[in-house]
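Residue numbering for the sequence shown follows our numbering, starting at 3 and increasing by one per position. Structure, as structure tokens:
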Amino acid sequence: MTSRRAFLAGTAALPFGGAALAASAGQHQNHGSGHSGGHGGHGGGVNGATFRQGTQVDHRANGFDPTEVLREFDYGTTSRLPDGRVLREWEIFAVDHEIEVAPGLRFPAWTFNGRVPGPTLRCTAGDRLRVRFTNGSEHPHTMHFHGIHPAEMDGIPGVGAGVIAPGDSTVYEFDAEPFGLHLYHCHVGPLAEHIARGLYGTFVVDPPGGRPPGDELVMVMHGYNTTFDGEGNQLYAVNGIPFHYMHEPVRVRRGELVRIYLVNVLEYDPINSFHLHGNFFDYYPTGTRLEPSELTDTVAQVQGQRGICELRFPYPGRFMFHAHKTEFADLGWMGFFEVVE
Ligand code: CU
Ligand code: CU
Numbered sequence: 003m004t005s006r007r008a009f010l011a012g013t014a015a016l017p018f019g020g021a022a023l024a025a026s027a028g029q030h031q032n033h034g035s036g037h038s039g040g041h042g043g044h045g046g047g048v049n050g051a052t053f054r055q056g057t058q059v060d061h062r063a064n065g066f067d068p069t070e071v072l073r074e075f076d077y078g079t080t081s082r083l084p085d086g087r088v089l090r091e092w093e094i095f096a097v098d099h100e101i102e103v104a105p106g107l108r109f110p111a112w113t114f115n116g117r118v119p120g121p122t123l124r125c126t127a128g129d130r131l132r133v134r135f136t137n138g139s140e141h142p143h144t145m146h147f148h149g150i151h152p153a154e155m156d157g158i159p160g161v162g163a164g165v166i167a168p169g170d171s172t173v174y175e176f177d178a179e180p181f182g183l184h185l186y187h188c189h190v191g192p193l194a195e196h197i198a199r200g201l202y203g204t205f206v207v208d209p210p211g212g213r214p215p216g217d218e219l220v221m222v223m224h225g226y227n228t229t230f231d232g233e234g235n236q237l238y239a240v241n242g243i244p245f246h247y248m249h250e251p252v253r254v255r256r257g258e259l260v261r262i263y264l265v266n267v268l269e270y271d272p273i274n275s276f277h278l279h280g281n282f283f284d285y286y287p288t289g290t291r292l293e294p295s296e297l298t299d300t301v302a303q304v305q306g307q308r309g310i311c312e313l314r315f316p317y318p319g320r321f322m323f324h325a326h327k328t329e330f331a332d333l334g335w336m337g338f339f340e341v342v343e
């Protein structure tokens, strides 16, 4: 079995995630996945010899496109409660879904609503939230939200509805608090695998009155342990697909306020980071205060940590962003902003 370091040594010269990267990452892709081989005409052979060339994956087949995930906010369906408060409702389902994570390399993901990361749920502090969760996966799951809520709504085994078996459903209902940038994820054991398979998403609670208008972007940092050895990741990504924003830079306007909701859910590695070239940003840890704590160009986050980055680009052109951990960057966690007039 290829060790993580040996793997890296063999692929570090592939800044754009070429076919060799996919081939190496795919050597053990069927390991413990419950899926057999035969992924169709685009390779997937265990010897890695038949991987498709190119830089792009099939976003349509995947069911999501990281360029769209960036600016997709799901506000749910709203109505008014008798006391005048907003009731916000979502339908979320867990489903096992294969994702082409690198050209020709399919990862047997477990997902919320068929995508990695799951939908970005957005509300305002004080809303009443009602999430109807249906488990359409072959494995037991939950939805565990970060936030302040009663114990029985915590989405963990043995408390409240507990583990939701395949085919079952439940309703998580609680108030949106505190305002800030949060996340949700499955909390069934083995927890590392349930998260690493893709069961997580962003949960934004806006402050009353909102934040100043801007070009808002969600970036969820995560990885893929394609060998299923539980010892590390072979690919790193933002919003589902390694190297995606190298191929399709994030287009923003010069001088416009850009707000990045940055979340780290990376499993197996203790720390992730975000570094921006040619610029600095105001950083709001967890988004729970309206004043930034720092002006910087690099932040580190452990798993579950998140924060809001606000900035304006004074110069047009291409500016790189990536994990300030070369190993992660070389294996997918890098991209570009394209600043236009
Ligand atoms: Cu799960
Ligand atoms: Cu968590």
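Where is the CB? At the ideal position from N, CA and C, for every residue including glycine.
Between the region 302 to 322 and the region 333 to 343, are three or more C-beta pairs nearer than 8 Å? yes
With a 10 Å radius around its C-beta and 16 neighbouring C-beta atoms as the bar for buried, classify Ile150 as buried or exposed. exposed
With a threshold of 16 other CB atoms inside 10 Å of the CB of Ser139, please say whether the residue is buried or exposed. buried
Who are the Cβ neighbours of Ser295 in its own chain at under 8 Å, not counting the five residues just before and after it? Tyr285, Tyr286, Pro287
Reduced DSSP category for Gln31 - H, G, I as helix; E, B as strand; rest coil: Legend: pLDDT at Gln31 = 37, less than 50; position of this residue unreliable, value from coordinates given subsequently. Coil at Gln31, not helix or strand.
Taking Cβ positions, are Met155 and Gly164 nearer each other than 8 Å? no
Please list the terminal residues of the continuous beta strand (DSSP E) segment that includes Phe202. The sequence given here places Tyr at residue 202; Phe does not occur at that position. Unbroken beta strand (DSSP E) run through Tyr202: 202 to 208.
Report yes if the C-beta distance between Gly86 and Leu183 is below 8 Å; otherwise report no. no
Is it the case that the CB of Gly306 approaches a heavy atom of ligand 2 more closely than 7 Å? yes
Extract the residue ranges of the beta strand (DSSP E) inside the region 274 to 304, only unbroken runs of 3 or more that lie entirely within it. 283 to 287, 296 to 298, 300 to 304
Start-end ranges of the beta strand (DSSP E) lying completely within the region 117 to 157, minimum 3 residues: 123 to 126, 130 to 137
Considering just the uninterrupted stretch of the alpha helix (DSSP H) at Ala63, what are its terminal residues? 61 to 64
Measuring only the C-alpha atoms, how far is Asn49 from His277? Reliability fails at Asn49, whose pLDDT of 35 lies under 50, so the model's placement of it is uncertain and no value is given.
Grouping DSSP H, G and I as helix and E and B as strand, with all else coil, what is Thr328? helix
Cα-Cα separation between Glu269 and Arg255, rounded to whole angstroms: 33 Å
Report yes if the C-beta of Leu185 is less than 7 Å from at least one heavy atom of ligand 2; otherwise report no. yes
Please name the residue in Arg73, Asn235, Gly289, Arg253 whose C-alpha comes closest to that of Asn274. Asn235
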